[in-house]
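Engineer: Just so you know, my numbering puts 53 at position 53 of the sequence shown, and the rest follows in order with no gaps.
The beta-carbon is built from N, C-alpha and C at its ideal position, and this holds for glycine as well.
Let me give you the structure first, and then I'll get to my questions.
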Amino acid sequence: MEEEIPLFILLVAILMVAIVLILFFATIITFLEFAYGRIFHKPFFVHYYRSHKTLPARQFEILFNDFPYYRKLKPQRRIYFEHRVARFLETYQFIGKDGFDVDNRAKVLIASTYVQLTFGMRSYLYPVFDKIIIYPSSYYSTINEVYHKGEFNPMMKAVVFSWEDFQQGLIYNNDNLNLGLHEFAHVLNFQGLRSEDASSLIFARFFNRIRQECNHEPNREKLIASGYFRDYAYTNDFEFLAVILEHFFETPKEFKAEFPELYHLVKRMINYKETA
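The structure is reproduced here in structure tokens:
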């Protein structure tokens with residue numbers, strides 16, 4: 001007479017088989033996504049959430065009334081955008097300095113700017129920063145003894161803003177000066193060069209192409225001669241990236257008309273959809 005396998009051992013065996021199968025399929029999916037990204041230069045998918053977070057009424061009112069980009073989105077993409085703003089707000093710490101009171105408006109507008117920049121990326125809550133520090137206006141740096149409007153400090157894992165200058169970037173939305181986009185571009189750059197998630201790899205790949213093509217002497221001369229990008233863009237490759245992302249969102253038609261190839265590379269770098 002055959003011995004019966006104890007139920008506990010049977011359950012453990014089934015569990016182990018299930019774990020092996022899950023790991024196997026996860027490996028296959030990771031490989032397929034990597035291959036898909038290499039071939040098509042975009043994530044296999046961007047927006048997939050088990051549930052959608054929403055904002056409290058006061059915060060949603062700010063998002064709807066004070067962030068025009070959100071109102072241009074189609075209904076389904078508005079749901080995704082709001083979800084990402086809510087996730088940002090619960091993930092990162094906000095700290096006011098020199099008496100600045102961090103209210104809902106500051107939180108929502110800063111989070112929305114970040115989500116706008118990363119909306120085409122599947123991974124968007126990056127560990128390279130964990131706090132947002134806000135000063136009322138430009139602040140003095142004891143490190144280099146100058147006044148700053150904003151910065152990304154990877155050692156402190158902090159993104160720092162002068163609220164006065166951050167707001168100016170939103171109020172004047174076609175002057176190619178947007179402090180929020182500029183400093184968060186530095187975050188994406190830092191993350192992209194150090195991570196292996198699909199969105200970061202694509203970002204880094206196209207950033208390298210942009211660097212190579214824009215540093216090629218005939219192209220660089222054309223960029224400078226056009227006067228389209230402010231002189232600060234040519235400080236180094238990282239500032240160039242931050243400046244062109246400001247232009248990409250603030251004056252997209254002019255950017256596309258002046259430098260269509262560069263515009264296309266930036267668009268693919270952040271997987272941006274022109275249709276809302």
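Quick one: grab the DSSP three-state call for residue 151.
Structural biologist: Taking the sequence shown and counting its residues from 1, one reaches residue 151 at position 151. Three-state result, residue 151: strand.
Engineer: Which complete alpha helix (DSSP H) runs does the stretch 127-177 hold, if anything under 4 residues is left out?
Structural biologist: 163-171
Engineer: Taking C-beta to C-beta, are residue 105 and residue 165 nearer than 9 Å?
Structural biologist: Position 105 of the sequence shown, counted from the first residue, corresponds to residue 105. Position 165 of the sequence shown, counted from the first residue, corresponds to residue 165. For residue 105 and residue 165, no; Cβs fall outside 9 Å.
Engineer: Alpha carbon to alpha carbon, what distance is there between residue 251 and residue 174?
Structural biologist: Your numbering for residue 174 matches position 174 in the sequence shown. Your numbering for residue 251 matches position 251 in the sequence shown. The alpha-carbon of residue 174 is positioned some 6 Å away from that of residue 251.
Engineer: How long is the line joining the alpha carbons of residue 18 and residue 12, rounded to whole angstroms?
Structural biologist: Locating residue 18 in the sequence shown gives position 18, counting from the first residue. Locating residue 12 in the sequence shown gives position 12, counting from the first residue. The straight-line gap from Cα to Cα measures roughly 10 Å.
Engineer: Between the stretch 105-119 and the stretch 225-237, are three or more C-beta pairs nearer than 8 Å?
Structural biologist: Fewer than three Cβ pairs drawn from the stretch 105-119 and the stretch 225-237 lie within less than 8 Å of each other, which leaves the two stretches out of contact.
Engineer: With DSSP as the reference, label residue 270 as helix, strand or coil.
Structural biologist: Taking the sequence shown and counting its residues from 1, the one referred to as residue 270 is at position 270. Residue state, collapsed to three classes: coil.
Engineer: So is residue 121 buried or exposed if we call it buried at 16+ other beta carbons inside 10 Å?
Structural biologist: Residue 121 sits at position 121 when you count from the first residue of the sequence shown. Classification for residue 121: buried.
Engineer: State the Cα-Cα distance for the pair residue 224 and residue 217, rounded to the nearest angstrom.
Structural biologist: Taking the first residue of the sequence shown as position 1, residue 224 is located at position 224. Taking the first residue of the sequence shown as position 1, residue 217 is located at position 217. CA-CA distance, residue 224 to residue 217, rounds to 11 Å.
Engineer: Measure how close the beta-carbons of residue 241 and residue 207 come, nearest whole angstrom, since I'm counting them as under 8 Å.
Structural biologist: Position 241 of the sequence shown, counted from the start, is the residue given in the question as residue 241. Position 207 of the sequence shown, counted from the start, is the residue given in the question as residue 207. Rounded, the Cβ-Cβ distance is 6 Å, consistent with contact.
Engineer: May I have the straight-line CA-CA distance separating residue 117 from residue 101, to the nearest angstrom?
Structural biologist: Reading the sequence shown from its first residue, position 117 is the one you call residue 117. Reading the sequence shown from its first residue, position 101 is the one you call residue 101. Taking the straight line from one Cα to the other gives about 25 Å.
Engineer: If you draw a straight line from the C-alpha of residue 1 to the C-alpha of residue 9, how long is it?
Structural biologist: Reading the sequence shown from its first residue, position 1 is the one you call residue 1. Reading the sequence shown from its first residue, position 9 is the one you call residue 9. In this predicted model, residue 1 has a pLDDT of only 47, less than 50, meaning its place in the structure is not dependable enough to derive any value.
Engineer: Is the beta carbon of residue 123 sitting closer than 9 Å to the one on residue 162?
Structural biologist: For this step, residue 123 is matched to residue 123 along the sequence shown. For this step, residue 162 is matched to residue 162 along the sequence shown. Result no, Cβ atoms of residue 123 and residue 162 do not sit closer than 9 Å.
Engineer: Just tell me which of 158, 48, 144, 237 has its CA closest to the CA of residue 132.
Structural biologist: In the sequence shown, residue 132 corresponds to position 132, counting from 1. Checked all of 158, 48, 144, 237; the closest Cα to residue 132 is 158.
Engineer: For residue 94, write down the residues that DSSP places opposite it in a beta bridge.
Structural biologist: Residue mapping note: residue 94 aligns to position 94 of the sequence shown, counting from 1. Partner(s): 132.
Engineer: Does DSSP put residue 277 in a helix, a strand or coil?
Structural biologist: With the chain running from 1 to 276 in the structure shown, residue 277 is simply not present.
Engineer: Helix, strand or coil: how does DSSP classify residue 1 here?
Structural biologist: By one-based count along the sequence shown, residue 1 stands at place 1. Annotation note: pLDDT 47 at residue 1 (below 50); position unreliable, coordinate value reported separately. Of the three classes helix, strand and coil, the one that applies to residue 1 here is coil, per DSSP.
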